[in-house]
Amino acid sequence: MAGWAIAVHGGAGVDPNLPLDRQEEAKKLLARCLNLGIDALRSDHPAIDVVELVVRELESDPLFNSGRGSALTEDGTVEMEASIMDGPKRRCGAVSGLTTVKNPISLARLVMDKSPHSYLAFSGAEEFARQQGVEMVCNDYFITEENVGMLKLAKEANSILFDYRIPNAGLEKCSASVETPLQMNGLPISVYAPE
Amino acid sequence: TVGCVVVDSQGRCAAATSTGGLMNKRSGRIGDSPLIGAGTYACGLCGVSCTGEGEAIIRGTLAREVAAVMEYKGMGLQEAVSYVVEERLDEGKAGLIAVSSNGEVACGFNTTGMFRGCATEAGFMEVGIW
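In order, the protein sequence lines correspond to chains A and B.
In terms of this note's numbering, the first sequence opens at residue 466 and continues consecutively.
In terms of this note's numbering, the second sequence opens at residue 202 and continues consecutively.
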């Protein structure tokens, strides 16, 4: 039997101007999450428990776009989604439209383990969370100053931004980074704004 | 978007992905992360987690595609990851991480960087952005 292996990601599409200190911050978080997973694998935890454990850690840290630190909707709120899948029997669970569940990935796990379904969304998912007794917080918990600024930028540019971590510098610098019209699927992003 | 893929010492694969979606998105918009087969997939062969332009990942059923080319074309993990990122995204921009049941780990992206880290029991460990 081959050994264990693990990989984590914090999003693709990184602003080329990301300052070094922000890059170091991201690398530290990735290394911390990797080590969390490695310790669990060395203690013989099954893969499905390890992926949930690591993603919970990433959701709780505001650095990346998930859980606390999630991107904001056009209304300035947070709507989160997550999914999990266990290879051996291809069992899976997914959730969307969560606004108060502290760790979406754990609710996806409960959908997989404790419900006859594969996917629950919006009010149904929130109701299931209450029944399962998972930790729930108000939507403000997920909103960060930085993302309020990013949403302002996106609205000014009338665009939809990906997992860009735009430097903390003043808005003038940030607005420069959204001047180049963003493409999505080969079309100007503004095509999608009405969508 | 964040994700984790793992193969344990019994050779069992798993994948998990979580996200807040796109900044300034319409309320009610669903991306690739919660869609099994698009943003997340795991089977007896591999575990995959994707990130990037959700609409392109959904259209390309990107995560399942890695498992499919391994299953039907007999590709190895890194070859499958590279093939899928190069051939299945059209003009879309995305990245993915993957592990295989024989303890390999791989990643691929066509964006300007992806926050990622990987490690194996043999002692390999890497954290990268660009």
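Here a beta-carbon is modelled for each residue, glycine too, at the ideal position from N, C-alpha and C.
Check	Outcome
Exposure of N408 (chain A), with buried meaning 16 or more beta-carbon neighbours within 10 Å	Nothing about residue 408 (chain A) can be read from this structure; chain A reaches only from 466 to 660.
Cβ-Cβ distance between L575 (chain A) and P569 (chain A) below 8 Å	no
Residue range of the unbroken beta strand (DSSP E) whose run includes C308 (chain B)	306-310
Beta-carbon proximity check, A295 (chain B) vs G248 (chain B), cutoff 8 Å	no
Status (buried if at least 16 other CB within 10 Å, exposed otherwise) for N623 (chain A)	exposed
Reduced DSSP secondary structure (H/G/I, E/B, other) of R504 (chain A)	The identity of residue 504 (chain A) in the sequence shown is Asp, whereas the question assumes Arg. Reduced to three states, the DSSP call for D504 (chain A) is helix.
Where the alpha helix (DSSP H) containing G589 (chain A) begins and where it ends	587-597
Distance, A467 (chain A) Cα to S588 (chain A) Cα	43 Å
Whole-angstrom distance between N225 (chain B) and G541 (chain A), CA atom to CA atom	8 Å
Neighbourhood of R630 (chain A) by C-beta distance below 7 Å, restricted to the same chain and skipping five residues each side	Note on R630 (chain A): pLDDT 46, under 50, position unreliable in the model; the coordinate value appears next. Within the same chain, R630 (chain A) has close Cβ partners V479, D480, L483, R487.
T220 (chain B) - partner residues in DSSP beta bridges	A:E546
Sequence-distant residues of its chain with Cβ nearer than 7 Å to L236 (chain B) (five each side left out)	I259
Beta-carbon gap between V207 (chain B) and G502 (chain A) smaller than 8 Å	yes
Short CB-CB distance (under 8 Å) between D540 (chain A) and chain B	yes
Below-8 Å beta-carbon distance, K620 (chain A) vs any chain B residue	yes
Coarse secondary structure for G476 (chain A), derived from DSSP in three states	strand
Cβ-Cβ separation, S535 (chain A) to A573 (chain A) (assumed contact under 8 Å), whole Å	With a Cβ gap of about 15 Å, A573 (chain A) and S535 (chain A) do not count as contacting.
Chain-ordered residues of the segment 252-286 of chain B with a beta carbon less than 7 Å from chain A	T252, G253, E254, E256, A257
Cα-Cα separation between E544 (chain A) and S228 (chain B), rounded to whole angstroms	8 Å
Environment of K567 (chain A) [buried if 16+ CB atoms lie within 10 Å]	buried
Separation of C244 (chain B) from S210 (chain B), as counted between CA atoms	16 Å
Through-space distance from P581 (chain A) to K554 (chain A), alpha-carbon basis	15 Å
Segment limits, beta strand (DSSP E) that includes R317 (chain B)	315-321
Cβ of Y584 (chain A) within 8 Å of any chain B Cβ	yes
Same chain only: Cβ atoms within 6 Å of E490 (chain A), ignoring 5 sequence neighbours per side	none
Coil, strand or helix - A634 (chain A) by DSSP	Only weak support exists for where A634 (chain A) lies, its pLDDT of 41 falling under 50; the coordinates are left without a value.
Limits of the unbroken beta strand (DSSP E) element including R574 (chain A)	R574 (chain A) -> not in any beta strand (DSSP E); alpha helix (DSSP H) instead, spanning 569-579.
Boundaries (first-last residue) of the alpha helix (DSSP H) holding S525 (chain A)	512-525
Pick from B:G240, B:A215, B:G275, B:G212 that is closest to T202 (chain B), judged by C-alpha positions	B:G240
Inter-residue Cα distance where the pair is P632 (chain A) and T312 (chain B)	Residue placement at P632 (chain A) cannot be trusted, given a pLDDT of 41 that sits under 50; the coordinates are not used to answer.
Limits of the beta strand (DSSP E) - the one that G253 (chain B) falls within	247-253
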